[in-house]
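Numbering-wise (this note's numbering), the sequence shown opens with residue 748 and increments by one.
Beta carbons: idealized from backbone N, C-alpha and C, even for Gly.
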Amino acid sequence: AVAGDGRGETNFDAIAAQLPDLLVTTAGVGFIEEDSPLRDIAPVVVIPFDAPWRDQIADTGAIFDRVEQAETVVAVLDAELAELAAAVESDPTSLSIVMSVFGQLASLGQTTAASALVREAGIERPEPQTAAEAIDGAPGFSPFSEELLTEHDAEFLVVLDGVFYDSDVVEAFPTDQQLEAVLSGNAGLVDGDLWFAAHPFSL
């Protein structure tokens, strides 16, 4: 269950009220401190959100005693990825993934599940997006300045939208209207809460 909106402090009382036997969360290494109030509620298992997506699914299956189901999920996704990769190989394409989050223009970093899937499918990303480094404390988040937006052009463009993502900011930039993907009608919005997420359920 979600106890908070992710913007403020976690509602530990709401979590404790559910009387959990185990708490499972995705987080960066060291994000859940040893003295975290979460650990006073129940044992905590952390699935690193920058771990490979197959490992995340396998770990989730093991935690919930659903190993066979997890293996099935991976097998299905691998088959779909192989089919998509074959289609892309015969008809190469490129994809740019950008966002505005907390007032900062950024691209989707390479550690997220969505980026991994795009990469495995053989879909190209603009060079600044594949070379960018995530900022400290925000894995998967690679900021860039407005004047560099045209360097993030591709055949297709998706802009993250949702609770944390302000797509209107991206679309308001004059440079946005100069992008080939926009001019050709190959730009659209996607669910940022899924695309940015780095946990197995986002896949």
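Whole angstroms are fine: how far does the CA of residue j sit from the CA of residue i?
i: D838; j: A763; result: 52 Å
i: V821; j: A805; result: 8 Å
i: S914; j: L907; result: 6 Å
i: A951; j: A868; result: What is shown of the chain runs 748 to 950, which leaves residue 951 out entirely.
i: E815; j: R786; result: 29 Å
i: D923; j: S847; result: 12 Å
i: V792; j: I870; result: 34 Å
i: D760; j: A789; result: 12 Å
Does the separation of the CB atoms of residue i and residue j fall below 9 Å?
i: Q851; j: G887; result: no
i: F891; j: A934; result: no
i: L926; j: S841; result: no
i: V771; j: T819; result: no
i: L769; j: I794; result: no
i: L855; j: Q876; result: yes
i: D940; j: V916; result: no
i: E918; j: E898; result: no
Out of the options, state which residue places its alpha-carbon closest to the alpha-carbon of residue i.
i: S949; options: L896, E781, P790 and D797; result: D797
i: L831; options: L864, E894, D760 and V929; result: L864
i: P784; options: A919, L930, A817 and T757; result: T757
i: A944; options: E894, I788, P799 and L824; result: P799
i: G932; options: D900, D938 and Y912; result: D900
i: S774; options: Q803, L766, D938 and Q765; result: According to the sequence provided, residue 774 is Ala. The question's Ser does not apply to it. Nearest option by C-alpha distance: Q803.
When burial is assigned at 16 or more other CB atoms within 10 Å of the CB, is residue i buried or exposed?
i: A860; result: buried
i: P921; result: exposed
i: G751; result: Only weak support is given to the placement of G751: the predicted model assigns it a pLDDT of 47, under 50, and the value that follows is read from those uncertain coordinates. With fewer than 16 Cβ atoms within 10 Å of its Cβ, G751 is classed as exposed.
i: A928; result: buried
i: A878; result: exposed
i: R866; result: exposed
So, helix, strand or coil for residue i, using DSSP?
i: D908; result: strand
i: I870; result: coil
i: P875; result: helix
i: D900; result: coil
i: L941; result: helix
i: S892; result: coil
i: T922; result: helix
i: T840; result: coil
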